[in-house]
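Take the sequence shown: its position 51, counted from the start at 1, is 120 in our numbering, and no numbers get skipped. No residue lacks a Cβ here, since even glycine has one placed at the ideal position from N, Cα and C. Remarks on the structure that follows.
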Amino acid sequence: MAEEVVTASWAYGPSTWSILVHGGAGDVAAERLPLHVAGCERAVAAGAAVLAAGGSALDAVQRAVEVLEDDPCFNAGTGACLNADGAIELDASLMDGTTLRAGGVCALEPFKNPIAIARRVMDESPHVLLAAEGAARFAIERGFQRAAPESMITELARAKLEAARAKHTTEGWAGGTVGAVARDANGRVAAATSTGGVVNKLAGRVGDSPIVGAGTYADDTAAACSTTGHGEAMIRVCLAKTAIDAVRATSAESAARGSLAMMHARTGGTGGAILAARDGSLGLARTTRTMSWAAAANDGTRASGA
Ligand code: GLY
Numbered sequence: 070m071a072e073e074v075v076t077a078s079w080a081y082g083p084s085t086w087s088i089l090v091h092g093g094a095g096d097v098a099a100e101r102l103p104l105h106v107a108g109c110e111r112a113v114a115a116g117a118a119v120l121a122a123g124g125s126a127l128d129a130v131q132r133a134v135e136v137l138e139d140d141p142c143f144n145a146g147t148g149a150c151l152n153a154d155g156a157i158e159l160d161a162s163l164m165d166g167t168t169l170r171a172g173g174v175c176a177l178e179p180f181k182n183p184i185a186i187a188r189r190v191m192d193e194s195p196h197v198l199l200a201a202e203g204a205a206r207f208a209i210e211r212g213f214q215r216a217a218p219e220s221m222i223t224e225l226a227r228a229k230l231e232a233a234r235a236k237h238t239t240e241g242w243a244g245g246t247v248g249a250v251a252r253d254a255n256g257r258v259a260a261a262t263s264t265g266g267v268v269n270k271l272a273g274r275v276g277d278s279p280i281v282g283a284g285t286y287a288d289d290t291a292a293a294c295s296t297t298g299h300g301e302a303m304i305r306v307c308l309a310k311t312a313i314d315a316v317r318a319t320s321a322e323s324a325a326r327g328s329l330a331m332m333h334a335r336t337g338g339t340g341g342a343i344l345a346a347r348d349g350s351l352g353l354a355r356t357t358r359t360m361s362w363a364a365a366a367n368d369g370t371r372a373s374g375a
């Protein structure tokens with residue numbers, strides 16, 4: 070756990086759109102952190118463009134996460150970490166706070182944008198979560214193309230796998246899960262999260278990111294939340310839903326801080342959480358050394374890796 074819990078928040082009026090993205094809680098090397106922050110800035114700009122044009126929070130978070138998935142810096146989409154077999158298996162989900170509809174994919178073979186497939190699961194199936202070969206078949210039937218693994222595997226991902234194998238650990242995590250939360254000018258909130266999971270994970274391992282209530286949650290009556298960090302801990306405490314329930318009685322920043330503190334106390338897990346609350350405010354917290362993020366509203370953009 071970091072020496073201190075680091076938090077930040079911004080208050081906006083209820084008629085203002087706002088969006089916050091993260092590039093993962095973890096321990097990114099100082100020389101690489103500016104790349105992560107710049108990637109978050111590009112993603113938040115893409116999401117903000119959707120909102121500024123009158124688009125929905127749901128479309129904005131999907132667009133922001135697609136940009137993060139395409140950025141090889143992050144542990145999602147291109148650049149995702151490798152499992153114990155040396156393969157990419159992807160998890161992603163999104164949720165609409167107005168309808169409580171959600172969609173996700175997990176243990177998915179390489180596809181460029183798993184969050185776009187998750188959206189189709191939400192929009193075009195009676196289900197919330199599709200796994201592995203079934204998720205791939207669903208995607209191909211809807212026109213998505215399998216990606217050549219070598220087009221999505223980076224040298225950094227290979228190096229991280231070799232390091233984890235040398236230490237005989239399946240616990241190592243890349244700290245680059247990505248996510249976005251937004252509130253549009255009509256008061257609708259949404260959240261999206263995408264990841265490659267943890268380095269050297271067992272084939273078939275599924276983390277928190279595609280699990281509604283753990284990695285992603287959205288409810289217009291409270292807030293939207295995307296989480297990042299130790300997936301097993303986050304599943305066990307239903308972190309995103311815990312933070313959403315807390316925001317009914319406190320600020321987004323305090324809800325993020327409190328839910329992470331509870332998770333650490335009960336499981337030892339660390340990570341980060343970002344929230345967009347129904348009142349228009351944004352808040353975040355992390356209990357790791359780094360978490361890149363960027364926030365935008367109609368008064369401009371802020372970003373940091375700290
Ligand atoms: N939080 C990402 C994972 O554990 O899969």
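When DSSP labels each residue in this structure, what does residue i get in the three-state scheme?
i: Gly116; result: helix
i: Leu177; result: strand
i: Glu72; result: With a pLDDT of 45 at Glu72, under the threshold of 50, the predicted position of this residue should be treated as unreliable, though the coordinate-derived value follows. Glu72 falls in the coil class under three-state DSSP.
i: Pro218; result: helix
i: Gly341; result: strand
i: Thr356; result: coil
i: Arg101; result: coil
i: Gly108; result: helix
i: Ala283; result: coil
i: Leu127; result: helix
i: Ala121; result: helix
i: Ala80; result: coil
Terminal residues of the continuous beta strand (DSSP E) containing residue i?
i: Leu151; result: Looking at the DSSP string, Leu151 is not in any beta strand (DSSP E), and its letter there is neither H nor E.
i: Leu271; result: First-last for Leu271: undefined, no H or E at that position.
i: His91; result: 87-95
i: Ala259; result: 258-264
i: Ala247; result: Looking at the sequence shown, residue 247 is not Ala but Val. Here the beta strand (DSSP E) through Val247 covers 247-252.
i: Arg227; result: No beta strand (DSSP E) holds Arg227; the alpha helix (DSSP H) holding it covers 224-235.
i: Ala161; result: 159-165
i: Arg371; result: 369-373
i: Ala205; result: Per DSSP, Ala205 belongs to no beta strand (DSSP E); it is in the alpha helix (DSSP H), 201-210.
If residue i sits next to residue j, beta carbons under 8 Å apart, how far is it from one beta carbon to the other, in whole angstroms?
i: Gln131; j: Ala185; result: 7 Å
i: Val74; j: Ala283; result: So it is not a contact: roughly 20 Å between Cβ atoms.
i: Gly248; j: Gly298; result: Contact flag wrong, Cβ pair sits at about 11 Å.
i: Ala312; j: Ala325; result: 6 Å
i: Thr285; j: Met164; result: 5 Å
i: Ala293; j: Ala330; result: So it is not a contact: roughly 20 Å between Cβ atoms.
i: Ser320; j: Gly300; result: With a Cβ gap of about 26 Å, Ser320 and Gly300 do not count as contacting.
i: Gly245; j: Phe143; result: 4 Å
i: Met116; j: Ala251; result: The identity of residue 116 in the sequence shown is Gly, whereas the question assumes Met. Confirmed, Cβ separation roughly 6 Å.
i: Cys365; j: Tyr81; result: It is worth fixing the name first, because residue 365 is Ala in this sequence and not Cys. 11 Å between Cβ atoms; not a contact.
Please list, in chain order, all residues of the same chain as residue i whose beta carbon is under 6 Å from its beta carbon, the five residues on each side excluded.
i: Glu322; result: Thr76, Ser78, Gly352
i: Lys236; result: none
i: Ala112; result: Val90, Ala133, Val136, Leu137
i: Ala204; result: Val174, Leu177
i: Val377; result: Since the first residue shown for the chain is 70 and the last is 375, residue 377 is missing from the structure and cannot be characterised.
i: Arg170; result: Met191
i: Asp253; result: Trp86, Leu120, Ser125, Ala126
i: Met303; result: Asp277, Ala283, Thr296
Excluding sequence positions up to five away, which residues of its chain have a Cβ less than 7 Å from the Cβ of residue i?
i: Arg257; result: Ser125, Ala126, Gly166, Thr167, Asp289
i: Ser16; result: Absent from the structure is residue 16, since the part of the chain shown begins at 70 and ends at 375.
i: Glu72; result: Low per-residue confidence applies at Glu72: pLDDT is 45, beneath 50, and the placement is therefore not dependable, though the value from the model is reported in the following sentence. Closer than 7 Å at the Cβ level, and outside the excluded window around Glu72, lies no residue.
i: Ala200; result: Cys175, Ala176
i: Met70; result: Below a pLDDT of 50, predicted positions are generally treated as unreliable, and Met70, at 49, falls in that range; no measurement from the model is reported.
i: Asp348; result: Pro83
i: Val275; result: Asp160, Cys175, Ala176
i: Arg101; result: none
i: Gly123; result: none
i: Gly155; result: Leu230
For the alpha helix (DSSP H) holding residue i, just list the boundary residues, first then last.
i: Ile313; result: 308-316
i: Arg188; result: 183-193
i: Ala145; result: Looking at the DSSP string, Ala145 is not in any alpha helix (DSSP H), and its letter there is neither H nor E.
i: Ser295; result: Not the alpha helix (DSSP H): Ser295 falls in the beta strand (DSSP E), residues 292-298.
i: Thr336; result: 321-336
What does a CB cutoff of less than 8 Å around residue i pick up in its chain, not counting 5 residues either side in sequence?
i: Met221; result: Gly146, Thr147, Gly148, Ala149, Ile157, Pro179, Lys181
Q. Pairing CB atoms from the segment 227-238 with CB atoms from the segment 104-121, are three or more of them under 8 Å?
A. no
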